[in-house]
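Adding 48 to a residue's 1-based position in the sequence shown gives its number in the working numbering. Don't be surprised by glycine CBs; every beta carbon is placed ideally from N, CA and C. Report on one structure; see the data block that follows.
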Amino acid sequence: MCGICGKYNYINHAPVEPRLINKMCAVLHHRGPDDTGIYINKNIGLGHSRLSIIDVAGGHQPIWNEDKTCAIILNGEIYNFKELRKTLKKKGHKFRTKSDTETILHLYEETGVDCLKQLRGMFAFAILDARDNSLFLARDRMGQKPLVYSVNKDGLLFASEIKSILQDTDITPQVDLTALNHYLAYQYVPAPYTMFKGIKKLPAAHYLILKDAKISIKCYWRLEFNYSKLSKSEYIEEFLRLFYEATKLRLISEVPLGAFLSGGIDSSAVVAAMSKFSDKPVKTFSIGFTEEKFN
């Protein structure tokens, strides 16, 4: 888990204050206690709080492309980055790090926003493209990684958490009554709403482009159901193949891995699959409460 944040004063073009980006990063420290990276250039600022998982030594963010025209900050992990990296290297891209984050950046250079179609993982990222002064924000298909944003009189603010955006004193915290109504009805706040007026979630499987002083938000993926006439044993075989593959991909790490056990079938199955690909016992953790009804 990491934290990303930033501000782009595309409306009044006022310089972004380093103090603001530092404050926005500071409240995300619990998401990424290992490293902090900040980039500020006139009316744009990017911040990153890092939890080091892949390329611990060399994965400091923001990460730049070869000619330093594009920069990226990422919260998340790309599980197929090694395969993508090999393909991009064959096309002439030069890598400075071993991180999965840099792979997204070079893929963006190659395919633009269509890079999202090739990414397998959980992610929320921001790419600054100095070639046309655009900002590209994106969120993974299932919305596993959070990303919120707000537009005020200066421009666009974005972050992994709402309290990071609230560090800007021009943002006045107010309850969004529509969001409150949804919460009381559904017991959660559906995207794009948040409980704060003027602060929105970027929906899962969506990206935001800020270019030429205009913001556009688009969906890049939808869940589709394609039914096949297979036997029960064939369905089981295919499920296990996909389940093992998905688990194995998520074991790529330079730091120790563990798993939470809830006591249900799903977490137990994940640990069983992890054990299949691990040469050591898998470290597992459970959480309990004194109050029986909360357990």
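Note down the Cα distance separating leucine 214 from threonine 242, rounded to an integer number of angstroms.
13 Å
Which same chain residues, not among the five before or five after tyrosine 156, have their C-beta less than 6 Å away from its C-beta?
Cys163, Ile175
Given that a residue counts as buried once 16 or more other Cβ atoms are within 10 Å of its Cβ, and exposed if not, what is arginine 133?
buried
Environment of cysteine 73 [buried if 16+ CB atoms lie within 10 Å]:
Answer is buried; the Cβ neighbour count reaches 16.
Keeping to the same chain, check which residues put their C-beta closer than 6 Å to that of isoleucine 86; ignore five residues upstream and five downstream.
Ile69, Gly95
According to the Cβ coordinates, are leucine 153 and asparagine 128 closer than 8 Å?
no
Quick check: alanine 14 and valine 330, are their CB atoms within less than 8 Å of each other?
The requested residue 14 is not part of the displayed model; the chain covers only 49 to 343.
Should alanine 207 and isoleucine 52 be called a contact, given that it needs their Cβ atoms to be closer than 8 Å?
yes
C-beta contact flag for asparagine 12 and asparagine 57 at 8 Å:
Nothing can be reported for residue 12, as the shown portion of the chain is limited to 49 through 343.
Taking contact to mean 3 or more Cβ pairs, one atom from each stretch, closer than 8 Å, check whether the region 183–202 and the region 248–256 are in contact.
Contact between the region 183–202 and the region 248–256 is present, because at least three Cβ pairs lie under 8 Å.
Those runs of the beta strand (DSSP E) which lie wholly inside the region 89–166 and span at least 3 residues
92–98, 118–126
Skipping 5 residues on each side, what residues in its chain have a beta carbon closer than 8 Å to that of arginine 79?
The answer, listed in chain order, is Met49, Cys50, Gly51, Ser97, Leu99, Asn123, Ser208, Glu209.
Which residue marks the beginning of the beta strand (DSSP E) containing isoleucine 247, and which one marks its end?
247–249 is the extent of the beta strand (DSSP E) around isoleucine 247.
DSSP three-state assignment for lysine 212, whether helix, strand or coil
One detail in the question is off: residue 212 reads as serine in this sequence, not lysine. Helix, per DSSP.
Helix, strand or coil for alanine 294? Go by DSSP, reduced to three states.
helix
Report the option in Leu228, Thr151, Leu183, Leu136 whose CA atom is closest to the CA atom of leucine 205.
Checked all of Leu228, Thr151, Leu183, Leu136; the closest Cα to leucine 205 is Leu183.
Given this structure, state the Cα-to-Cα distance separating methionine 218 from alanine 239, to the nearest angstrom.
Note on residue identity: the sequence assigns aspartate, not methionine, to residue 218. If you take the alpha carbons of aspartate 218 and alanine 239, they lie about 23 Å apart.
Please report the residue range of the beta strand (DSSP E) in which arginine 187 lies.
182–187 is the span of the beta strand (DSSP E), which, as asked, contains arginine 187.
For aspartate 83, the nearest candidate out of Gly106, Ile263, Arg189 (CA to CA)
Gly106
Thinking methionine 190 and alanine 252 are a contact (beta carbons under 8 Å), I'd like their distance in whole angstroms, please.
6 Å
Inter-residue CB distance, lysine 139 and glutamate 158 (contact presumed, cutoff 8 Å):
7 Å
Proximity test, Cβ basis, 8 Å: glutamate 302 and chain D:
The structure shown contains no chain D, having only a single protein chain.
Using 10 angstroms around the beta-carbon of arginine 187, count the other beta-carbons present and answer buried if the total reaches 16, otherwise exposed.
buried
Can you have a look at cysteine 118 and say buried or exposed, based on whether 16 or more other CB atoms are within 10 angstroms of its CB?
buried
Between valine 303 and the ligand NAP, is there a pair consisting of the residue's CB and a ligand heavy atom that are separated by less than 7 Å?
The ligand NAP is not part of the structure shown, which contains no ligands of any sort.
Buried versus exposed, by CB contacts within 10 Å (16 or more), glutamate 282
exposed
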